[in-house]
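Visitor: One structure, pasted below without further comment.
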Amino acid sequence: MLAARRDEIPQAHPPRTFLAGGTAIHLNSNPTRTGLKINEVADQFNIPDLQYALSDFLQCDARNGDGVFGVGVPRRSLIDHPLNMPFERVQIWHTVRLQQVCLHD
């Protein structure tokens, strides 16, 4: 019987399910590739502004905490912003699972 409070349960792994509105994004337990330098990923996936986009995301998240981030929407110019990257390597997932809640009136 599980009677422990949620904050008393040790977190063995970082959360892999993220919620935004009526959409849940779930990552597999293990990434497809690990330990890749950000520049390598930017070259491999042809994302020339990846470092700036990640830096902007982290700075925006630090300011807003619970902000909503658009995917595929134009970003403001990032050239004059200093990079704020607390990491040099990233993990890549080639597959994710999306689930949406469809509510009917």
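Residue numbering for the sequence shown follows the UniProt record's numbering, starting at 1 and increasing by one per position.
The C-beta atom is built at its ideal place from N, Cα and C for all residues, glycine as well.
1) Ignore the nearest five residues each way along the sequence and tell me which others in G35's own chain have a CB closer than 7 Å to its CB.
2) With distances taken between CB atoms, is the gap from R97 to I38 smaller than 9 Å?
3) Among V101, I92, F87, which has the Cα closest to the Cα of Q44?
4) Compute the Euclidean distance between the alpha carbons of M1 and A20, then round it to the nearest angstrom.
5) The ligand PLP heavy atoms versus the CB of F18: any closer than 8 Å?
6) Alpha carbon to alpha carbon, how far is I47 from V41?
7) How would you write the range of the beta strand (DSSP E) that I25 sits in, first residue to last?
8) From L58, T23, H94, pick the residue whose C-alpha is nearest to that of V101; which is it?
Guide: On the basis of the coordinates in this document:
1) R89
2) For the 9 Å CB-CB criterion, R97 and I38 do not form a contact.
3) From the listed residues V101, I92, F87, the smallest Cα separation to Q44 is found for I92.
4) Here the model assigns M1 a pLDDT of 38, short of 50, so the residue's position is not dependable and the matter cannot be decided.
5) What this structure holds is no ligand at all, so the ligand PLP is not there to describe.
6) 8 Å
7) 23-27
8) T23
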